[in-house]
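Visitor:
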Amino acid sequence: MDASERVVEAYVRAVQGWATIPNIPCDSQQEIDLLAVDPGTGVARHIEVSVVLAPSFHKLTGKPYDPTLARERTHQAEQRRTVGFFAQKKFAAAPVRDRLREHGLNPDVCGRAIVTWGWDASAEDQAREAGIALWHFPDLVRGLADRVQGTRTNFHDETLRMLNLVLTAIPNEDSERAGQGDAATPAPEPTGQGGFWIYHNWTNRRVRLHRETCSHCNGGRGTEGSASDRNGEWLGPFRTARDGWDRAQRLQEPDTGVCKTCGPADGA
Ligand SMILES: [Zn+2]
16 MDASERVVEA YVRAVQGWAT IPNIPCDSQQ EIDLLAVDPG TGVARHIEVS
66 VVLAPSFHKL TGKPYDPTLA RERTHQAEQR RTVGFFAQKK FAAAPVRDRL
116 REHGLNPDVC GRAIVTWGWD ASAEDQAREA GIALWHFPDL VRGLADRVQG
166 TRTNFHDETL RMLNLVLTAI PNEDSERAGQ GDAATPAPEP TGQGGFWIYH
216 NWTNRRVRLH RETCSHCNGG RGTEGSASDR NGEWLGPFRT ARDGWDRAQR
266 LQEPDTGVCK TCGPADGA
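So the sequence shown is numbered by this note's numbering: it starts at 16 and just counts up by one.
Here it is in structure tokens:
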């Protein structure tokens, strides 16, 4: 298992509470990355992990999957980043379906998910049509972080233990990419500089005030564009930090603060 697969398994177990079987070998050199079963409902999911740790260049795409091209060295990486590749070569492959049946599962009703770091619009459409859920890797990391942070549980899972240690060691470091900054701080003073934005993350019920020039904000476009749009929205621009802060307060989310990276409260 590579590092991202370990993180996904830790998320599925610790946050969702599902039982897992990782790396199930199938015939024809196929493999199921992760099989997860919700013990409460009995719902099973086949999860493939496709995370390249260089986010901006490796989004999942809806480009046509071509088995001939996929065998050519120069096109292999690109082809393996298509929804079609996962749909045909992973989820629908006969050896994979056979293995699921051996585990007592019906491949036609087994849930399907790809964990990846961003995707384009056509990938989303294709995945929806193919009944494949797309999971955004940074969301899983955030969910895990929320789960382990501040708990004293002695985690048996090595990944959780490591993550908990890291979060305890660097509580004030920015741990996010999608433009929310870090822990909440007091309300900022007005600066009169103009150009402030707030990012409202609906999923995590978090609001962060940014300068327009902040690398997380990028004039309200954020760092990941479409990827962050699914979890929240940018509001602005506001002329002063105070205006932005007032709006942020009215959202009445439990976790409201200013970005630690651009520090709009400092007035510089
Ligand atoms: Zn910022």
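Using N, Cα and C, we set each Cβ at its ideal position, and we do this for glycine too.
Just so we're clear, the structure is a prediction, and the values are computed from it rather than from any experiment.
Extract the residue ranges of the alpha helix (DSSP H) inside the region 26-86, only unbroken runs of 4 or more that lie entirely within it.
Guide: DSSP runs (the alpha helix (DSSP H)) wholly in the region 26-86: 82-86.
Visitor: Run the CB neighbour count on Thr228, radius 10 Å, all protein chains shown included, and call it buried at 16 or more, exposed below.
Guide: Numbered from 1 along the sequence shown, position 213 holds the residue referred to as residue 228. The residue is exposed, with fewer than 16 neighbouring Cβ atoms inside 10 Å.
Visitor: What does a CB cutoff of less than 8 Å around Ala128 pick up in its chain, not counting 5 residues either side in sequence?
Guide: As a first step, residue 128 is located in the sequence shown; it is residue number 113 there, counting from the start. Hits under 8 Å: Arg60, His61, Ile62, Glu63, Ile147, Ala148, Leu149 and Trp150.
Visitor: At 3 residues or longer, what runs of the beta strand (DSSP E) sit wholly inside the region 103-182?
Guide: You should have 126-131 and 147-151.
Visitor: Across which residues does DSSP place Phe253 in a beta bridge pair?
Guide: As a working note, residue 253 is residue 238 in the sequence shown. In DSSP, Phe253 forms a bridge with Phe211.
Visitor: Would you say Thr228 touches ligand 1, meaning its beta carbon is less than 6 Å from a heavy atom?
Guide: Within the sequence shown, residue 228 is the residue found at index 213, counting from 1. No, the Cβ of Thr228 stays beyond 6 Å of every heavy atom of ligand 1.
Visitor: Does the beta-carbon of Gly194 have 16 or more other beta-carbons within 10 angstroms, so that it is buried, or is it exposed?
Guide: Taking the first residue of the sequence shown as position 1, residue 194 is located at position 179. Residue confidence for Gly194 is low, a pLDDT of 41 falling below 50, so the modelled location carries little weight; the figure read from the coordinates is stated next. When all chains shown are included, Gly194 counts as buried.
Visitor: Closest to Trp249 by C-alpha separation, out of Thr255, Arg257 and Thr238, would be which residue?
Guide: Sequence index remark: in the sequence shown, residue 249 carries index 234 (1-based). Ranking Thr255, Arg257 and Thr238 by Cα distance to Trp249 puts Thr238 first.
Visitor: My understanding is that Lys74 touches Trp134, with C-beta atoms under 8 Å, so please give their C-beta distance in whole angstroms.
Guide: As a first step, residue 74 is located in the sequence shown; it is residue number 59 there, counting from the start. As a first step, residue 134 is located in the sequence shown; it is residue number 119 there, counting from the start. About 5 Å; that satisfies the 8 Å criterion.
Visitor: Quick check on Glu248: does DSSP put it in helix, strand or coil?
Guide: Taking the first residue of the sequence shown as 1, we reach residue 248 at position 233. Strand.
Visitor: Between Ile39 and the rest of its own chain, which residues show a CB-CB distance below 7 Å, the 5 nearest in sequence each way excluded?
Guide: Translated into positions along the sequence shown, residue 39 becomes position 24. Taken in chain order, the residues that qualify are Glu46, Ile47, Leu50 and Arg114.
Visitor: Confirm the yes/no value for this check: CB of His215, any heavy atom of ligand 1, distance under 6 Å.
Guide: Here the question's residue 215 lines up with position 200 in the sequence shown. False, no ligand heavy atom lies under 6 Å from that Cβ.
Visitor: Do the region 102-110 and the region 175-184 make contact, defined as three or more Cβ pairs closer than 8 Å?
Guide: No, they do not touch.
Visitor: Spatial neighbours of Phe100 within its chain, please: C-beta separation below 8 Å, excluding the five flanking residues on both sides.
Guide: Position 85 of the sequence shown holds residue 100. Excluding sequence neighbours, Phe100 sits near Tyr80, Ala85 and Gln94.
Visitor: Where does Asp286 fall in DSSP's three states?
Guide: Residue 286 falls outside the range modelled here, since the chain spans only 16 to 283, and no answer is possible.
Visitor: May I ask whether a heavy atom of ligand 1 can be found less than 6 Å away from the beta carbon of Thr238?
Guide: In the sequence shown, residue 238 corresponds to position 223, counting from 1. Not under cutoff, so the answer is no.
Visitor: For ligand 1, is there any heavy atom lying closer than 6 Å to the beta carbon of Thr271?
Guide: Within the sequence shown, residue 271 is the residue found at index 256, counting from 1. Thr271: no, Cβ never under 6 Å from ligand 1.
Visitor: For Leu224 versus Ala29, is the C-beta spacing smaller than 7 Å?
Guide: Taking the sequence shown and counting its residues from 1, one reaches residue 224 at position 209. Taking the sequence shown and counting its residues from 1, one reaches residue 29 at position 14. No. Outside cutoff.
Visitor: Note down, in chain order, each residue of its chain lying with its Cβ closer than 7 Å to the Cβ of Gln91, except the 5 sequence neighbours on either side.
Guide: Translated into positions along the sequence shown, residue 91 becomes position 76. Counting only Cβ-Cβ distances below 7 Å, and skipping sequence neighbours, we find Ala85.
Visitor: Which residue from Val222, Glu173, Thr35 and Arg254 puts its Cα closest to that of Val58?
Guide: Residue 58 sits at position 43 when you count from the first residue of the sequence shown. When only C-alpha atoms are compared, the closest one is Thr35.
Visitor: Go ahead and pull the three-state DSSP assignment for Asn187.
Guide: For this step, residue 187 is matched to residue 172 along the sequence shown. Unreliable positioning characterises Asn187 in this predicted model, as indicated by a pLDDT of 46, which lies under 50. The coordinate reading is nonetheless provided below. Reduced to three states, the DSSP call for Asn187 is coil.
Visitor: Nearest by alpha-carbon distance to Asp53: which of Gln141, Gln31, Lys275 and Glu87 is it?
Guide: As a position in the sequence shown, residue 53 is number 38, starting the count at 1. Checked all of Gln141, Gln31, Lys275 and Glu87; the closest Cα to Asp53 is Gln31.
Visitor: Using the C-alpha atoms, what's the distance from Gly235 back to Arg11?
Guide: No information on residue 11 is available, as it lies outside the stretch 16 to 283 that the chain covers here.
Visitor: What are the boundary residues of the alpha helix (DSSP H) that includes His225?
Guide: Position 210 of the sequence shown, counted from the start, is the residue given in the question as residue 225. Here His225 belongs to no alpha helix (DSSP H); instead the beta strand (DSSP E) covers Arg221 to Arg226.
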